[in-house]
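Right, one structure below, let's go through it.
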């Protein structure tokens, strides 16, 4: 079964709006990462948040982590058509391992 | 750095044939991962290597799948014999020391007919 589940599965917004995606996971983690995948391409690493961090920013991206609820959110502010992609969360299950389990993904479509 | 290089980009083969997928990780990265992506099952971790040694192959679906990493700059994923249900996009990714995020290759789209 999947460690991470993203919500919603699909999201369609207008350019300039903010997009929020959520990820829930089942077991304790060392850290959580978010990736973007454009259609037909490989995944691109966006941001990593460690289990002792609550919020992290990178450009127009804001990630939060709530370990008590086993959930994370990715906020993309002022979205652009180029942000259209699938977004995945990935969790490292145990300390000292680089094995990441990916969630099911959120398909984001930004309309120009 | 050219990134993680996978070959071929596309492979179409007949059921029963042997298929070999190749990956060259980023120089200096000591962990390598093979993932499979399908619409039904999403991204599945098949196997990962650390310092050329297989650490976890619990995701390898069955004995028809095998992976090797003879040196730090090359890995193969072999399917023998291939079946239509193996059709998927296979990604290779590498990671250096510490948690900085994987670098993925562009993937190999495998179609078994």
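Chains as they are written, first to last, in the numbering used here: chain A, 27 to 138; chain B, 606 to 718. Yeah, the Cβ is synthetic: ideal placement off N, Cα and C, and Gly gets one too.
Residue i, DSSP secondary structure in three states
i: residue 92/A; result: strand
i: residue 28/A; result: Because residue 28/A sits at a pLDDT of 46, beneath the cut-off of 50, its placement in the model cannot be relied upon, and the following sentence gives the value as read from the coordinates. Coil.
i: residue 614/B; result: coil
i: residue 668/B; result: coil
i: residue 662/B; result: coil
i: residue 675/B; result: strand
i: residue 108/A; result: helix
i: residue 690/B; result: helix
i: residue 718/B; result: coil
i: residue 634/B; result: coil
i: residue 681/B; result: strand
i: residue 47/A; result: strand
i: residue 119/A; result: coil
CB contact check: residue i to chain B, cutoff 7 Å
i: residue 135/A; result: no
i: residue 27/A; result: Reliability fails at residue 27/A, whose pLDDT of 40 lies under 50, so the model's placement of it is uncertain and the value that follows must be treated cautiously. Not an interface residue.
i: residue 58/A; result: no
i: residue 83/A; result: no
i: residue 68/A; result: yes
i: residue 124/A; result: yes
i: residue 130/A; result: yes
i: residue 100/A; result: no
i: residue 74/A; result: yes
Nearest to residue i (by Cα), restricted to the options the options
i: residue 700/B; options: 651/B, 713/B, 641/B and 634/B; result: 634/B
i: residue 49/A; options: 128/A, 138/A, 136/A and 85/A; result: 128/A
i: residue 609/B; options: 698/B, 658/B, 683/B and 646/B; result: 698/B
i: residue 658/B; options: 689/B, 693/B, 694/B and 637/B; result: 637/B
Residue i at chain A interface by Cβ criterion, 7 Å
i: residue 656/B; result: no
i: residue 712/B; result: yes
i: residue 626/B; result: no
i: residue 647/B; result: yes
i: residue 680/B; result: no
i: residue 709/B; result: yes
i: residue 670/B; result: no
Backbone CA spacing between residue i and residue j [nearest angstrom]
i: residue 58/A; j: residue 625/B; result: 32 Å
i: residue 30/A; j: residue 613/B; result: 30 Å
i: residue 655/B; j: residue 675/B; result: 12 Å
i: residue 28/A; j: residue 118/A; result: Only weak support is given to the placement of residue 28/A: the predicted model assigns it a pLDDT of 46, under 50, and the question is left unresolved by the model.
i: residue 705/B; j: residue 74/A; result: 7 Å
i: residue 124/A; j: residue 653/B; result: 9 Å
i: residue 645/B; j: residue 52/A; result: 20 Å
i: residue 639/B; j: residue 78/A; result: 29 Å
Assumed close pair residue i, residue j - CB separation to whole angstroms, cut-off 8 Å
i: residue 114/A; j: residue 648/B; result: 7 Å
i: residue 86/A; j: residue 102/A; result: 6 Å
i: residue 620/B; j: residue 663/B; result: About 26 Å separates the two Cβ atoms, so there is no contact after all.
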